[in-house]
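Worksheet: the structure to be examined is printed underneath.
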Ligand SMILES: O=C(O)CCC(=O)C(=O)O
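Residue numbers (UniProt numbering): 1 to 260.
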């Protein structure tokens, strides 16, 4: 199966959901003109990292993000990996990814498992408790958020459970752009699956962000790479490549977990 995918590599206005929704609408229109099958948004794109103001600008139960992507998916007939939102619950705020299919049904919520202390997430957010697996086009995929990509065991668990493509939403700083590219390429090669990673660009009061969104195939080849500016990062991927690579070098069969 072939899929045309667009990462919406956008800038994010710090703590200004209204402006960010307006900008996202503009980029979603551009993706619709490109006739994409699926689009991906970055992490916390409605609020940015204005974590100190989440009581004011957080997203009650994630309904703002869920409602927005559901409406846009139906309008444009594409599936949406909606990036993440600061989902406000009785337990606190989660950093939660929402996924809508093209009928507007929310088919998955995944809350970031690994909180990133360097950006104070542990002081303002609650870590998730469940996996990122979901199904679209009768294929198994998985969603992750930013820092999660530093945990190969977490990603491997999803590949072992059948994920053929890993979708990553991020606000990854420019200072560690080399890690971003290396980690994502390694996750693609070691799990022999596609990696589609959408990062924000621009800056906030504390960080400059890398952009450089990536679409990587199961052989580790980069098929599309963003600049450091706002843009759509687009590629057509062919999911049958996953089986081909896994046949050529059968690492899942050759694993020796009794030694690990
Ligand atoms: O791991 C990193 O270097 C960046 C992670 C990050 O920015 C995040 O999880 O928000």
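From the three backbone atoms N, C-alpha and C, an ideal C-beta is built for every residue, glycine too.
Helix, strand or coil at residue i [DSSP, three-state]
i, result
"residue 67", "helix"
"residue 36", "coil"
"residue 60", "strand"
"residue 129", "coil"
"residue 19", "helix"
"residue 104", "coil"
"residue 12", "coil"
"residue 112", "coil"
"residue 177", "helix"
"residue 183", "helix"
"residue 254", "helix"
"residue 142", "strand"
"residue 83", "strand"
"residue 134", "strand"
"residue 43", "coil"
"residue 124", "helix"
"residue 52", "helix"
"residue 98", "strand"
8 Å Cβ cutoff met for residue i and residue j
i, j, result
"residue 201", "residue 11", "yes"
"residue 95", "residue 70", "no"
"residue 192", "residue 245", "yes"
"residue 279", "residue 19", "As displayed, the chain neither begins before 1 nor continues past 260, which places residue 279 out of reach and without an answer."
"residue 165", "residue 196", "yes"
"residue 161", "residue 239", "no"
"residue 121", "residue 89", "no"
"residue 108", "residue 68", "no"
"residue 209", "residue 203", "yes"
"residue 59", "residue 85", "yes"
"residue 82", "residue 50", "no"
"residue 102", "residue 79", "yes"
Length-filtered (3 minimum) beta strand (DSSP E) runs lying within the segment 195-248: 214-216, 222-225, 231-238
Cβ contact check for the segment 31-43 and the segment 2-21: 3 or more pairs under 8 Å: yes
Contact between the segment 39-53 and the segment 169-184 (3+ Cβ pairs under 8 Å): yes
The segment 210-228 contacting the segment 20-33, beta-carbon criterion three pairs below 8 Å: no
The segment 141-161 in contact with the segment 104-118 per 3-pair CB rule at 8 Å: yes
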